[in-house]
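Asks: Take a look at this one; I'll ask things after.
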Amino acid sequence: MRIWRLDSHEKNRMLTFSDSIPDEHLIYGNFEGVSIKNSWSLVELVTYKKGKYLDFPYFGSGIPVFTPKSYEILAKFVEHEVEFLPFKYEEQVYYLVNVLNVIDCKDKTQSDSKGAVFKGNLVPKDTHIFKTPIDMNSKVYATDHFVEIVRKNKLKGFDFIEVWNSDNNENMESVRKRRYEEALEAINSMPGERFSYEEARDRVEQGKAVASDKWKMQLDKDGSLLLGQLKEDDGEYLWMVPHFIPPILLGYQWHEVDKHK
Numbered sequence: 001m002r003i004w005r006l007d008s009h010e011k012n013r014m015l016t017f018s019d020s021i022p023d024e025h026l027i028y029g030n031f032e033g034v035s036i037k038n039s040w041s042l043v044e045l046v047t048y049k050k051g052k053y054l055d056f057p058y059f060g061s062g063i064p065v066f067t068p069k070s071y072e073i074l075a076k077f078v079e080h081e082v083e084f085l086p087f088k089y090e091e092q093v094y095y096l097v098n099v100l101n102v103i104d105c106k107d108k109t110q111s112d113s114k115g116a117v118f119k120g121n122l123v124p125k126d127t128h129i130f131k132t133p134i135d136m137n138s139k140v141y142a143t144d145h146f147v148e149i150v151r152k153n154k155l156k157g158f159d160f161i162e163v164w165n166s167d168n169n170e171n172m173e174s175v176r177k178r179r180y181e182e183a184l185e186a187i188n189s190m191p192g193e194r195f196s197y198e199e200a201r202d203r204v205e206q207g208k209a210v211a212s213d214k215w216k217m218q219l220d221k222d223g224s225l226l227l228g229q230l231k232e233d234d235g236e237y238l239w240m241v242p243h244f245i246p247p248i249l250l251g252y253q254w255h256e257v258d259k260h261k
């Protein structure tokens, strides 16, 4: 058996909140393995970024999204582990997937800055999808059962990152965490002048690329600003055209780097 982290492909369509959603709506809350279906009300999401893959749109909060197509194929396999929260998108009903199946299968005593250690033997063999108490707000995990169904039906946009394998019990999540930290260290230790965010934007407008910690900025071929975030799973940047700049970036020190092609 293998355990996979469920992620969204960088080429997926990206959704975001519409202006019509009231501030008190449950969609803004934390999805922590507790049912909220009885208090849920239908809202509308809109396109943040068009993408190549449409079966598993990315939603900024990290909550899985099923389209009508993926819902029709997958719902019957996971309905005992999740609840489906409907929302409107382009005149159709899509679903946020609130994962209720919480399995305490990460070893807290062995977890460190390099990542958490899985105890895969604690995951029931008939499991498809689940969360763990340690990272309930940010990560969803799947087993081979779920991965095989997605691949068999050729659903596009589901990205599965292997984090545990019963054959070798290797802590792959820790390995990726270490490689990610090494990549950040290489970025942050690069020689050269450090400068403010304002100076960084000026240099980007001049055609340069700049980086600070996990963030990178450059222009695309049309002259629009691209903001990239280094991903832990593969060390590549996830690029987006930002609607706003996270305020935390304004205080960072930046330096010039090679442009991403």
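1 is the number of the first residue of the sequence shown in the UniProt record's numbering; add one for each residue after it. The beta-carbon is built from N, C-alpha and C at its ideal position, and this holds for glycine as well.
1. Determine the contact status of Phe77 and Ile103, defining contact as a CB-CB distance below 7 Å.
2. Just mark Asn12 as buried or exposed, buried being the case when its beta carbon has 16 or more other beta carbons within 10 Å.
3. Phe59 to Ile27, Cα distance in whole Å?
4. Go through its chain and collect everything with a Cβ distance to Asp159's Cβ below 7 Å, but skip five positions before and after it.
5. Consider the C-beta atom of Gly51 and the heavy atoms of the ligand NAP; say whether any pair is separated by less than 6 Å.
6. Distance check for Val97 and Phe66, CA to CA, integer angstroms please.
7. Fully enclosed by the UniProt domain "Immunity MXAN-0049 protein" (76–163), which beta strand (DSSP E) runs are 3 residues long or longer?
8. Return the CA-CA distance between Phe17 and Ile187, expressed in angstroms with no decimal places.
9. If contacts are defined as beta-carbon pairs under 8 Å, then Tyr180 and Leu250 qualify, I think. What distance do you get, rounded to the angstrom?
10. Sort Arg2, Pro191, Val210 by Cα distance to Glu199 and report the nearest one.
11. Pull up the distance between the alpha-carbon of Met240 and that of Phe56, whole angstroms please.
12. Going by the DSSP bridge assignment, what does Glu256 pair with across the sheet?
13. Taking only three categories from DSSP, how would you classify Lys49?
14. What whole-angstrom Cβ distance do Thr132 and Lys106 have, given they're in contact under 8 Å?
15. What does the Cβ neighbour count give for Pro64, buried or exposed, with the cut at 16 atoms within 10 Å?
16. Once the 5 residues before and after Asn30 are set aside, which same chain residues still bring their CB inside 7 Å of it?
17. If you follow the beta strand (DSSP E) that Tyr237 is part of, which residue opens it and which one closes it?
18. Distance, Cα to Cα, Leu74 vs Glu256?
19. Can you find the residues in the same chain that come closer than 8 Å, C-beta to C-beta, to Ser39, ignoring five residues on each side of it along the sequence?
20. Report the three-state DSSP secondary structure of Val175 (helix, strand or coil).
21. Considering Cα atoms alone, identify which of Val46, Asp258, His128 is closest to Tyr94.
Replies: Working from what's here:
1. The criterion of a C-beta distance shorter than 7 Å is not satisfied by Phe77 and Ile103.
2. Under this definition Asn12 is a buried residue.
3. Rounded to the nearest angstrom, the two C-alpha atoms are 11 Å apart.
4. Cβ within range, chain order: Asp7, Ser8, His9.
5. You won't find the ligand NAP in this model; it holds no ligand whatsoever.
6. Spanning the two alpha carbons is a distance of roughly 7 Å.
7. Runs of the beta strand (DSSP E) inside the UniProt domain "Immunity MXAN-0049 protein" (76–163): 82–89, 92–99, 106–112, 115–118, 141–143.
8. Going from the Cα of Phe17 to the Cα of Ile187 covers about 33 Å.
9. For Tyr180 against Leu250, the beta-carbon gap comes to about 24 Å, at or over 8 Å, which does not count as contact.
10. Looking at the Cα atoms, Val210 is the closest of the given residues.
11. Distance from the CA atom of Met240 to the CA atom of Phe56, rounded to whole angstroms, is 17 Å.
12. Val210.
13. The answer is strand: DSSP assigns Lys49 an E or B state.
14. Contact flag correct, Cβ pair sits at about 5 Å.
15. Buried is the call here.
16. If the five residues before and after Asn30 are omitted, its C-beta is found closer than 7 Å to the C-beta atoms of Asn137, all from its own chain and listed in chain order.
17. Start and end: 237–240.
18. Here the C-alpha atom of Leu74 lies approximately 45 Å from the C-alpha atom of Glu256.
19. Only Leu26 meet the Cβ criterion.
20. In the structure shown, Val175 sits in a helix (DSSP, three-state: H, G or I).
21. In terms of Cα proximity to Tyr94, the closest of Val46, Asp258, His128 is Val46.
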